[in-house]
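K.L.:
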Amino acid sequence: MVSDHYRILVNDHEFLGESVLDEKSVLYFREDERLSLKAQTILSALVHDDLATLLSLGRSKDGFVKHELRRPLWLKVLKSRLSLDLYGEIGKDGVELAPHSDEHQVSLDVKRSFGDVQDSATKTFLRQALEQAVVRVLRTFPQLCYYQGYHDVVAVFVLVFMHTQRADDEANLSDSTTSETPSTDNSDFHEAMSSSSISTKLSDDSVLSIDSQQLFESVAIFTLLYLRDFMMKSLTFTIDQLALIPTMIKKKDPQLYKTFQLNEIDPFFALSSVLTLFSHDLRPQSNESMSIVFQIFDLVIASNSMLMPLVIYSNLLLAKKEGLSKRLHENLENFDNDTDLIHGVIQQEMIVGSSVVLWNEVLETSRDISATTLPELNKAVNKYSVLLTESQIPVSIEDVLSWLTNEIQLNESKSTSGNRISKSKKLPSAAARWKVMATRGGPFVFRISLVVGIAAILLKLYMRSLETHPNYHLLPLRSYLEQLKTLKFAGLQQPPKIWLDPLKSVLKNIGRPFTS
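Basically this note's numbering = 1-based index in the sequence shown + 652.
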């Protein structure tokens, strides 16, 4: 609850701060009034250093409202849980650190980031800030393994920490956040950029700036507290987290759980959403501070729980139950096995039709993380998992690095065990085989190996299908390449409906006699 002393006077009527937070507020205020009043309440709590109230506000509707407030709040909340101490100074002021082995992949992913940003100077600046932040975290904590999707998470922080100073407002740095205790004047922040800021000037003479030190500290703490499980050499601990989604579904809707065979099918369909906290799916924009993805990050930070993305995903599935069931029945004949059918249906339904209204309903259902009771949690994840250690905050950097070291050792042990199992006996299901493959290496090696393997098999089968042609030995290499050009993803044609089994349409013709 928001403290009673946060009172706001509106139209000669006094309202408790809590009244501007809930769904009933629409009875009293217009949307712009409600958001303005909530921002004032947040600012008051920030000035009074009332952390408990700030966390309550962050968990409520619309989160921390806008980036001008998120910048100091995210940093304040995260630093209250973990101090980087000397690690916060490593790499500061351009000091060179040993390169991390994953930096090449980071560079490739960064080049694909912020694709929706139209202004080239802005895009270049954002990408520069993103790559610097990711690389500095990896170099400072080289034990971490980068995963594709981590850059999407950091990109959210980059957008939040970016400040735009308009040419006609040079004296007003109202949303700069270079000190931990901001001064106030007319409810805005007025501070100069710090020495650690990076900036660029745009064609309209406005200036973009980011305090790179604050960005690094926020990203590093968030990574160490909430993303450790994902930054191992294998997907083992990630899969452990995903397995909690069916458990939640079973508790709330046993029929949906049964219909989609979630007792047998591993929820790899949720991999991208959970790894990126939905930032890959929702693609936040720099000028959309009210975007759902920023509110999701507000919820995770304010709730101090990486269980939140799992809760949100399960609630989103439940909210889409009708559409999922309809799509499932429409496509029963389009797949050769239930696993591909269910994965295809869920992935497509989760991508399309998620309106802002639906998202707000899902977030409202998910806000109270304490309502999600999971007695199975201790057995489902390793004892150093972020889902278990989050209850021990505040913690020291030594404690967190000890958890990280123990997780790495345990992950390597499980990977070795997985290799032995795969060699000693036949696994009972395709899902189990996927689990073992996931423990053998990171997502990059696994994905590349899979693509190359499929391409090789399809090419070999296709060449065999040509052997009956009378001029087989005279066919030039170009004919093979021309045939392969028509296939997507090394042999995968685009099916009539985008959720159809992609292999089915290409494999049905392979092996048949060649006709010219």
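No residue lacks a Cβ here, since even glycine has one placed at the ideal position from N, Cα and C.
By Cβ distance, which residues of its chain are closer than 6 angstroms to A781, with the 5 residues on each side in sequence left out?
P.N.:
V810 and I862
K.L.:
Could you pull out every residue in the same chain whose Cβ sits closer than 6 angstroms to the Cβ of V859, ignoring the five residues on either side in sequence?
P.N.:
Q817, S851 and K853
K.L.:
Would you list the residues sitting across from S849 in a DSSP beta bridge?
P.N.:
Residue pairing of S849 in beta bridges, as defined by DSSP: D863.
K.L.:
Extract the residue ranges of the beta strand (DSSP E) inside the region 926 to 990, only unbroken runs of 3 or more that lie entirely within it.
P.N.:
none
K.L.:
Measure the CB-CB distance between K973 and L1040 and report whether it falls below 8 angstroms.
P.N.:
no
K.L.:
V729 to L962, Cα distance in whole Å?
P.N.:
22 angstroms
K.L.:
Could you check where the beta strand (DSSP E) with H815 kicks off and where it finishes?
P.N.:
M814 to Q817
K.L.:
Taking the runs of the beta strand (DSSP E) that are 3 residues or longer, which of them lie wholly in the region 990 to 1060?
P.N.:
none
K.L.:
Which stretch, first to last residue, makes up the alpha helix (DSSP H) that contains P751?
P.N.:
Run containing P751: none; DSSP gives neither H nor E here.
K.L.:
How about T888 and N1063: do their beta carbons lie closer than 8 angstroms?
P.N.:
Taking a C-beta distance under 8 angstroms as the contact criterion, T888 and N1063 qualify as a contact pair.
K.L.:
Are the CB atoms of S1018 and T911 within a distance shorter than 8 angstroms?
P.N.:
no
K.L.:
Give the C-beta separation of V762 and R779 to the nearest angstrom, bearing in mind that I take them to be a contact with Cβ-Cβ under 8 angstroms.
P.N.:
Contact holds; Cβ gap of about 5 angstroms.
K.L.:
Would you mind working out which of W726, S848 and T875 sits nearest L1056, comparing C-alpha positions?
P.N.:
T875
K.L.:
If I'm right that F921 touches I998 with Cβ under 8 angstroms, what's the distance once you round it to whole angstroms?
P.N.:
4 angstroms
K.L.:
Mind pulling the alpha helix (DSSP H) runs of 4 or more residues that sit fully within the region 708 to 748?
P.N.:
719 to 733
K.L.:
Would you report the Cα separation of E1028 and D892, rounded to the nearest angstrom?
P.N.:
Our two residues, E1028 and D892, have alpha carbons roughly 11 angstroms apart in a direct line.
K.L.:
For D857, name the three-state secondary structure that DSSP assigns.
P.N.:
Three-state DSSP puts D857 in coil, outside helix and strand.
K.L.:
Can you tell me whether H700 is helix, strand or coil according to DSSP?
P.N.:
coil
K.L.:
Alpha carbon to alpha carbon, what distance is there between V1008 and K1031?
P.N.:
35 angstroms
K.L.:
Which value, in whole angstroms, describes the spacing of the CA atoms of S870 and A691?
P.N.:
21 angstroms
K.L.:
Sort S848, D856, R686 and H981 by Cα distance to F868 and report the nearest one.
P.N.:
S848
K.L.:
State the CB to CB distance for the pair I873 and K731, rounded to an integer number of angstroms; the pair is presumed to be in contact (CB under 8 angstroms).
P.N.:
7 angstroms
K.L.:
Straight-line CA distance for S772 to Y802?
P.N.:
23 angstroms
K.L.:
Can you tell me the Cα-Cα spacing of S955 and S735, whole angstroms?
P.N.:
18 angstroms
K.L.:
Nearest CA to the CA of R788: which residue from G743, R686, K904 and L959?
P.N.:
G743
K.L.:
Pull up the distance between the alpha-carbon of L877 and that of L984, whole angstroms please.
P.N.:
42 angstroms
K.L.:
Just checking my contact of E1001 with G975 at CB under 8 angstroms: how many whole Å lie between their CB atoms?
P.N.:
5 angstroms
K.L.:
Run through DSSP, which three-state label would D881 get?
P.N.:
helix
K.L.:
Give the straight-line distance between the Cα atoms of S924 and D856, rounded to the nearest whole angstrom.
P.N.:
37 angstroms
K.L.:
Whole angstroms is fine: what's the gap from K902's alpha carbon to K1066's?
P.N.:
27 angstroms
K.L.:
Would I808 pass as a contact of F987 if the rule is Cβ separation under 8 angstroms?
P.N.:
In the sequence as displayed, the identity of residue 808 is Val instead of Ile. Not a contact, by the Cβ cut-off of 8 angstroms.
K.L.:
Quick check on this structure: which residue in E783, S765 and R880 has the alpha carbon closest to the alpha carbon of Y1036?
P.N.:
R880
K.L.:
So F777 is in the alpha helix (DSSP H); what residue range does that whole segment cover?
P.N.:
Looking at the DSSP string, the run of the alpha helix (DSSP H) that includes F777 is S772 to T792.
K.L.:
D892 lies in the alpha helix (DSSP H); which residues open and close that run?
P.N.:
T888 to L894
K.L.:
Alpha carbon to alpha carbon, what distance is there between D684 and S957?
P.N.:
Cα to Cα, S957 sits roughly 30 angstroms from D684.
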